[in-house]
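First to last, the protein sequences are chains A and B. My numbering puts the first sequence at residues 1 to 284. My numbering puts the second sequence at residues 285 to 785. Read through the structure below, which is laid out as structure tokens, and then see the notes.
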Amino acid sequence: MTVLMKPRMSTRHRRSIPASLIAGAVIVGLVIIAALVSFIWTPFDPTITTTDRLLSPSGEHFLGTDALGRDVFSQLLVGARTTLYVGIISVGFAAIIGVPLGILSAAGPRWLGELIMRFIDLLLAFPALLLAIIFGAAFGTSTFSAMMAIGIATAPAFARLARSGALQVLSTEYVLAARIARRGELDIAVRHVLPNILGMLIVQASVCYGVAVLAESGLSFLGFGTPPPTPTWGRMLQEAQAIMFTNPMLVVWPAVCIVVAVLGFNLLGDGLRDRFDPKMEDNR
Amino acid sequence: MRITPRITAALAIVVVSAVALTGCASGSAAKSTATTATIGLTAEPANLDFTTTDGAAIPQALLDNVYEGLVTLNNDGEIEPLLATSWEVSSDNKDYTFTLADGVTFSNGDKFTAETVKWNIENVKSDKWTISLKSYMDVVDSVEVVDDTHVTVKLSKPSNDWLFRMTTRIGAMFDPDASTDLANTAVGTGPYTVAEFNSGDSLVLEQRDGYWGTKPALEKVTFKYFSDPNAENSALQSGSIDAISGLSSLDSMSLFSDTSKYTIQDGSTNAEVVLSMNNASGIFKDVRVRQAVNYAIDRQAIITNSTADTGKLIGSMVPPTDPWFDSSLVDAYPYDVDKAKELISEAGVEGATIRFRIPNLANVSAAAQQVQSYLTAVGFKVELDTLEFPAQWLDKVFTGHDYDMSIINHVEARDIATYADPTYYWGYDNAEFQSLVAKADAGTADEQVSYLKDAAALLSKDAVSDWLYLESYVSVVKPSLTGLPANQLGESLNVTDLAWS
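Here is the structure:
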């Protein structure tokens, strides 16, 4: 068995670009292109309802029309916008809360660190979907309340990662040297800790992005996400569900989009980890 | 040849079980086609007590089947005698004297008499009943027992509406000696009793002995409840149920297009899907803006998209099955974008923002997105705000009146009178309309029809709301099963006429 392993490990010595990174980047690129294209061109206005309902795919309507006579292809294009938007904001929000808390808990006094981490544990106990439903009930359903909820629910992952990374960096000699040179704690955090854990954080962001996209689709499906008429893949799925047995393709299109987009972000995350994660360093 | 006891025993088991199995198989097959039927429904009762639990599912299953009233509503929406064989109304329209059917008993053997009627009507007025519908009994002043089969009900003021409401759950006659555990037991004078109630699954009605009226054809009727419409459709396709009463996903009608296997009944309802506008504040205070909305929306297109072409145009708050329906109101506001724009500029509200607060119900969301599309086309800016139903929507829109526009399904029978209540969420305060409704309730039956016709026309003229469509009640039945009510006009799903042909 060890003989078999050997050649595989040797090929890893070259810092090649992992296949998953390429595949992930291509898929994510496609989603971004679809979203950008939707700003300047869609075959039809995706919010205009007509009586040309439940049409089969044709040269005019590439993927047919839905129960309210809206063009499915146009809705998918605009839906990509919502998907990206929600992902960026909620992951950004999670990182802005999570990373400073994580670094603070590592660099600050021990009691503060413990306090922050217990608070983070508490936050971890709330599933993203549940939190979003609570937010929706309290502040009204909107894209923003959904994004906040997803952001808060994914913040603990960032905080824990930032803390463990920061603890490692803070025990290195160059940080000791910086301390001897009377650099302030904030300065050390910004100039030494953050750049060194950035790789890990980017990987985490990419994985969380997939989770956020999935959560937003789930919320839209349940009616707690982006309100109509803004098209989202999750709500397209929900609206098609009632007519699933008579018009199955209306379920397939948004479902495929969600699956492929989430797969893309996960592959991208995997590929980036292969490149950046220090734990993988030994294998190379 | 020597036959051991063991072989004999084995043979005996084989023969006996073979006989038993074939007997079983043929017996149950014959029975299921001749005397039982299973009906698929969507909303499940929470318990068996409609005196304290709101919702349509309990009276749907129990009224007319288990519980009977003095009068009942037939499937054309007309009041018919039931426990009362006839009644006389005094000249001042205030006293109703009912003649009761003879020899009526409850399913536990107790007798039904004039005393029972008095107890029941007084019971509705007491604290025992907690649902809001009990207020329809407020108009009753006193009940006098004349003799065993005659009872006089005295009203405090003339009310045509009261007799109609006696066909609903408030008119149901309970046994005074067996009404302590209504949530779990149902003792009525009807032809069926509740044999089983399996929460989350089904309710089984079984014929009782000694029913006073005509015996129904079926021994046993099962209501099977499906929360998922797709599962309900599959159950009918596989034959495990015999009918779907009230198809929830109308687009799935195409699954049942084979007329040799299924009959589709397109029935009427009282369910007006109303695009409500806040008449009391905001831009919809102006009648021209409300009229513009009525012109701007292609209701026929919404019927096509939202109801698979089964919905009906009504033009006011009156379904076609009510005697005061006026078909000329249907075309009062044809789809005319230019006319709408003209009225909007006349009123000076071009580009105004409409706060469109809707409940998060699937059919409402579909209709609302179409309305938004039409109103955007005539230059309004429509902010769609989806509220959780029921709590948030009832709180903000229905009770708080904090809205410009909304959509909801008004399912109650003869609810045109809600427009006479200025505190209702329509915000419509018109003395002329209120006096028409009051006169209709107090007058004779003919006067009631003519006054309510005028009232409906006034609503249309004032464009108080936009009545998008009347929902249909679509049932899919195996062709050999007859007698399933097509319309849903009263509160019950009367299964006493079901029969296999």
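Don't be surprised by glycine CBs; every beta carbon is placed ideally from N, CA and C. Here the structure is a predicted model, which means the values were calculated and not measured.
- Counting only the Cα atoms, S756 of chain B lies some 7 Å from K596 of chain B.
- Here the region 69–83 of chain A does not lie against the region 110–120 of chain A, with fewer than 3 beta-carbon pairs under 8 Å apart.
- Counted as a single uninterrupted DSSP element, the stretch harbouring T591 of chain B is not any beta strand (DSSP E) but the alpha helix (DSSP H) occupying residues R583 to T591.
- Within a 10 Å sphere around the beta-carbon of R53 of chain A sit 16 or more other beta-carbons, which makes this residue buried.
- With the criterion set as a beta carbon lying under 9 Å from some beta carbon of chain B, the region 251–273 of chain A has no members that meet it.
- Membership of V760 of chain B in any alpha helix (DSSP H) is not indicated; the residue belongs instead to the beta strand (DSSP E) covering Y757 to V761.
- Sequence-distant partners of S426 of chain B (beyond 5 residues in either direction) whose C-beta falls short of 6 Å from its own C-beta, in its chain, are K438.
- Close partners of T141 of chain A in chain B (Cβ separation under 9 Å): N644, D669, T670, L671 and E672.
- Using a 10 angstroms sphere on the CB of N468 of chain B, the tally of other CB atoms stays under 16, which defines it as exposed.
- Within the same chain, M147, I150, G151 and A212 come within 6 Å of S90 of chain A by CB-CB distance, once the 5 residues on both sides are set aside.
- Proximity of D535 of chain B to chain A, defined by a Cβ-Cβ separation below 9 Å, is satisfied.
- By the C-beta criterion, the region 372–383 of chain B is judged not to be in contact with the region 478–486 of chain B, since fewer than 3 inter-stretch pairs fall below 8 Å.
- Only G223, P227, P228 and P229 from the region 220–232 of chain A bring a Cβ to less than 7 Å from some Cβ of chain B.
- Taking a C-beta distance under 9 Å as the contact criterion, S391 of chain B and V423 of chain B do not qualify as a contact pair.
- Residues of the region 513–525 of chain B with a Cβ closer than 7 Å to any Cβ of chain A, in chain order: P513, N514 and N517.
- For the 9 Å CB-CB criterion, A697 of chain B and T452 of chain B form a contact.
- Closest in alpha carbon position to R639 of chain B, among B:D781, B:L754 and B:N562, is B:N562.
- Under the three-pair Cβ rule at 8 Å, the region 321–329 of chain B counts as touching the region 519–534 of chain B.
- Listed along chain A, the residues sitting closer than 9 Å to A585 of chain B by beta-carbon distance are T49, T50, T51 and G69.
- Sequence-distant Cβ neighbours of T780 of chain B in its own chain, meaning closer than 6 Å and more than five residues away, are P475 and P500.
- By the CB criterion at 9 Å, G339 of chain B and A345 of chain B fall outside the cutoff.
- Here E503 of chain B carries a coil assignment [DSSP, helix/strand/coil].
- Scanning B:S690, B:S776, B:E490 and B:N514 for the CA closest to the CA of A652 of chain B turns up B:S690.
- Using a 10 angstroms sphere on the CB of E60 of chain A, the tally of other CB atoms stays under 16, which defines it as exposed.
- In this structure, DSSP gives Y209 of chain A a helical state, which the three-state scheme calls helix.
- When Cβ-Cβ separations below 9 Å define contact, L659 of chain B makes no contact with chain A.
- Boundaries of the alpha helix (DSSP H) around Q241 of chain A: W233 to Q241.
- Beta-bridge analysis with DSSP links F144 of chain A to no other residue.
- Residue pairing from DSSP leaves F276 of chain A without any beta-bridge partner.
- Q549 of chain B and N778 of chain B have their C-alpha atoms some 15 Å from each other.
- Residue ranges of uninterrupted beta strand (DSSP E) with 3 or more members, entirely inside the region 709–769 of chain B and ordered along the chain, are 749–754 and 757–761.
- For S536 of chain B, the three-state secondary structure derived from DSSP is helix.
- For A616 of chain B, the nearest beta carbon of chain A is not closer than 9 Å to its own beta carbon.
- The beta carbon of W253 of chain A sits closer than 8 Å to the beta carbons of L63, V72, L76 and M236 from its chain, once the five residues preceding and following it are set aside; these are given in chain order.
- P643 of chain B is bridged by DSSP to B:L671.
- Taken atom to atom, the span from the alpha-carbon of P248 of chain A to that of D535 of chain B is near 12 Å.
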